[in-house]
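Note sheet for the following structure.
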């Protein structure tokens, strides 16, 4: 498809389990972002990838969270030993380097529920 | 450091009346500012952006926003609300030194708009 694709769209897991969320950015977009949106709240920055540069991990809330991206392709966000406070919608966005500042294209998100 | 404050968490308007969504920001450099809209169960969509060109920015769906440096504001307006405008709106700032790589955005807490018939 032409847009940012995220999977799974919904994930229910038990406390303590690990989860992996996937993001397929728009082809050719060099920048990729992960945000978290808790119920009724704004977006919380998690991590940012730009080409082959070192990622900006300053938003990751704990060492249970990690993310990888190979080149300018798919990214995975992994949450280990999930806690109930991890329940949120995890949003991925990509941006073309030539597209200018701030033109992020968002996926529809992965809704994570930790029981 | 950059931050964004959306002054209203909820706004209720009647169809056909003006909409005003307020946003104030703080930044260390010359900011770029954006408004995004999120319809229920949909992804976020860029409405408009300010990147140091004209201070009055026109976006999609009849929305516009005015950058006022003296007031550190970037309020979003629309002259006549439509039922399809019911959504959540986010004011966003990107604050990087000129020439710096990267595009880290900071989102405001959001304003939920309700449009009454």
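Chains as they are written, first to last, in the working numbering: chain A, 952 to 1066; chain P, 11 to 127. Cβ atoms here follow ideal geometry from the backbone N, Cα and C, with glycine treated the same way. Being a predicted model, the structure only gives us computed values, none of them experimental.
Notebook entry, point to check: Got a sec: is the Cβ-Cβ distance from residue 965 of chain A to anything in chain P below 8 angstroms?
Noted result: Chain P contact via Cβ: absent.
Margin query: Could you compute how far the alpha carbon of residue 119 of chain P sits from the alpha carbon of residue 33 of chain P?
Written below: Taking the straight line joining both Cα atoms gives about 10 angstroms.
Notebook entry, point to check: Under a Cβ-count criterion, where at least 16 other Cβ atoms within 10 Å of its own Cβ denotes burial, should residue 64 of chain P be classed as buried or exposed?
Noted result: Exposed.
Notebook entry, point to check: Nearest CA to the CA of residue 45 of chain P: which residue from P:37, P:127, P:98, P:126?
Noted result: Put simply, of P:37, P:127, P:98, P:126 the residue whose alpha carbon is nearest the alpha carbon of residue 45 of chain P is P:98.
Item checked: Under 7 angstroms by beta carbon: chain A residues contacting residue 117 of chain P -> Under a criterion of Cβ atoms nearer than 7 angstroms, the residues of chain A adjacent to residue 117 of chain P are, in order, 993, 994.
Notebook entry, point to check: Are the C-beta atoms of residue 1007 of chain A and some chain P residue less than 8 angstroms apart?
Noted result: So, interface residue.
Next item on the list: Kindly list the residues whose CB is nearer than 6 angstroms to the CB of residue 88 of chain P, restricted to its own chain and excluding five residues on each side of it in sequence; keep chain order.
Entry: Once the five neighbours on either side are set aside, the close Cβ partners of residue 88 of chain P are 29, 72, 73.
Notebook entry, point to check: Rounded to a whole number of angstroms, what is the C-alpha to C-alpha distance between residue 973 of chain A and residue 992 of chain A?
Noted result: A straight line joining the alpha-carbon of residue 973 of chain A with that of residue 992 of chain A spans about 22 angstroms.
Next item on the list: Indicate the three-state DSSP secondary structure (helix, strand or coil) for residue 109 of chain P in the structure shown.
Entry: Because residue 109 of chain P carries a pLDDT of 49, less than 50, the predicted location of this residue cannot be relied on, and the following value inherits that uncertainty. DSSP places residue 109 of chain P outside both helix and strand once states are collapsed to three, so it counts as coil.
Note to self: Below 8 angstroms on C-beta distance, what does residue 100 of chain P contact in chain A?
What the structure shows: Within 8 angstroms Cβ-Cβ: 993, 994.
Item checked: Supposed contact pair residue 101 of chain P and residue 77 of chain P - C-beta distance, whole angstroms, cut 8 angstroms -> The Cβ separation is near 12 angstroms, so there is no contact.
Check: In whole angstroms, what separates the C-alpha of residue 54 of chain P from that of residue 48 of chain P?
Finding: Using only the alpha carbons, I get a separation of about 5 angstroms.
Margin query: List, from N- to C-terminal side, the beta strand (DSSP E) runs of 3 residues or more that fit wholly inside the region 1009-1055 of chain A.
Written below: Counting only runs that start and end inside the region 1009-1055 of chain A, the beta strand (DSSP E) elements of at least 3 residues fall at 1016-1020, 1026-1030, 1039-1046.
Note to self: List, from N- to C-terminal side, the beta strand (DSSP E) runs of 3 residues or more that fit wholly inside the region 64-97 of chain P.
What the structure shows: DSSP runs (the beta strand (DSSP E)) wholly in the region 64-97 of chain P: 66-68, 74-78, 83-88.
Notebook entry, point to check: Under 8 angstroms Cβ-Cβ, which residues of chain P neighbour residue 1060 of chain A?
Noted result: What residue 1060 of chain A touches in chain P, judged by beta-carbon distance under 8 angstroms, is 53, going in chain order.
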